[in-house]
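Student: Residues in the sequence shown are numbered from 12 upward in steps of one, following the working numbering. Backbone N, C-alpha and C define an ideal beta-carbon position, used for all residues, glycine too. Questions regarding the structure given below will be posed in turn.
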Amino acid sequence: NKSNIIALVGGGSKPKFPKNKVIIWDDLQSKVISEVKFTSDVLAIRINTFHLFVICKNKVYVFNLSNFQNVDNSDTCDNPKGIFTISSNQEESIIAFPNVKKGSVTVKKYSTEPKECTFWAHSSGIGCLSLNRDGSLICTCSENGTLLRIFNAETGDVGYEFRRGKDKAEIYSLSFDYDSDFIACTSDRGTVHIFALTNSTPGDQNKEEENKDEEQTEGRKSKHVFQKIDKHEGFFGAISRLVTMPTGYMK
12 NKSNIIALVG GGSKPKFPKN KVIIWDDLQS KVISEVKFTS DVLAIRINTF
62 HLFVICKNKV YVFNLSNFQN VDNSDTCDNP KGIFTISSNQ EESIIAFPNV
112 KKGSVTVKKY STEPKECTFW AHSSGIGCLS LNRDGSLICT CSENGTLLRI
162 FNAETGDVGY EFRRGKDKAE IYSLSFDYDS DFIACTSDRG TVHIFALTNS
212 TPGDQNKEEE NKDEEQTEGR KSKHVFQKID KHEGFFGAIS RLVTMPTGYM
262 K
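Following this line, the structure appears as structure tokens:
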């Protein structure tokens, strides 16, 4: 899809625009058509066919793209990284972000029948989020960067769980493939992990991993359901680990 609308926020040591203001530029008219000012710095922006989403440290703002009117606001926990995800669904807006309660995630659907689902994902807090193409599945990662979980985005039921590794890492991104058969994970460890859905049955290995899970809260263990979600059945297993070049290696 093509668009002539561009959302801009000032950045760097000498920003052209204030960091707490969103500038809406119409490239067809070659001019600014709207400005929106916030009480805190803007950390991230997302746009789709219907809405403009602005992410600040403790709030997510939603604007109608046709007239730039504010249609919804949602509170979040401290979110200095601007963690937020949106599906590429062309029929409705489906978004997800950290909830006010640390470790929980909120999924919102904006359509003729708006829906909202909030569920617990990690005890150590949310490190990264990613919705699949149609917004039916969401992958979450803990702040520790060791544990990834996949949930049904509409019900919040956990379906799959797998480990990126045992050492703490900062997760840069999570990404489903087009058909949601694979998911990739990048981190500051200089690697890319790719996980694939298999027909295997998770056996005692997963129970053993559960017992070792550092994210178990007192009196509450990680939940493993492994139920069928849409067309997916089974569990994810690592099929590839790619080593990437250090930042700044190529000049």
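By how many angstroms is the C-alpha of Val33 removed from the C-alpha of Pro26?
Tutor: C-alpha separation (whole angstroms): 12 Å.
Student: Whose C-alpha, out of Cys139, Phe193, Ile105, Ser98, is nearest the C-alpha of Glu124?
Tutor: The residue with the shortest Cα to Cα distance from Glu124 is Ile105.
Student: Taking C-alpha atoms, which residue in Leu76, Ile94, Asn75 lies nearest to Val53?
Tutor: Per the Cα distances, Ile94.
Student: Alpha carbon to alpha carbon, what distance is there between Asn59 and Asn15?
Tutor: Near 12 Å, if we compare the C-alpha coordinates of Asn59 and Asn15.
Student: Please report the residue range of the beta strand (DSSP E) in which Leu76 lies.
Tutor: It is not in any beta strand (DSSP E) - Leu76 carries neither H nor E in the DSSP assignment.
Student: Within 10 angstroms of its Cβ, does Pro257 collect 16 or more other Cβ (buried), or is it exposed?
Tutor: Because Pro257 carries a pLDDT of 44, less than 50, the predicted location of this residue cannot be relied on, and no value is offered for it.
Student: By the three-class DSSP mapping on this structure, what secondary structure does Lys32 have?
Tutor: Lys32 falls in the strand class under three-state DSSP.
Student: Please list, in chain order, all residues of the same chain as Ile149 whose beta carbon is under 6 Å from its beta carbon, the five residues on each side excluded.
Tutor: The answer, listed in chain order, is Ala107, Leu142, Phe162, Ala164.
Student: Under three-state DSSP, which class holds Thr60?
Tutor: Coil at Thr60, not helix or strand.
Student: Could you work out which residue in Gly114, Leu39, Val47, Val111 is closest to Asn81 when comparing CA atoms only?
Tutor: For the residues Gly114, Leu39, Val47, Val111, the minimum Cα distance to Asn81 belongs to Val47.
Student: Could you tell me whether the segment 192-207 touches the segment 177-184, using the rule of 3 or more Cβ pairs below 8 Å?
Tutor: Result yes; three or more Cβ-Cβ pairs closer than 8 Å.
Student: Starting from the C-beta of Ile56, find all residues in its chain whose C-beta is less than 8 Å away, skip the five residues before and the five after it, and write them out in chain order.
Tutor: Here the set comprises Ala18, Val20, Val33, Leu63, Phe64, Val65, Ile66.
Student: Please give the ranges of any alpha helix (DSSP H) in the segment 110-198, keeping only runs that are unbroken, at least 4 residues long and fully inside the region.
Tutor: Whole alpha helix (DSSP H) segments, 4+ residues: zero.
Student: Which residues in the same chain as Leu39 place their Cβ atom closer than 7 Å to its Cβ, once the five residues preceding and following it in sequence are excluded?
Tutor: Excluding positions up to five away in sequence, the list reads Asn15.
Student: Quick one: is Ile44 buried, meaning 16 or more other Cβ sit within 10 Å of its Cβ, or exposed?
Tutor: Exposed, since its Cβ has fewer than 16 Cβ neighbours within 10 Å.
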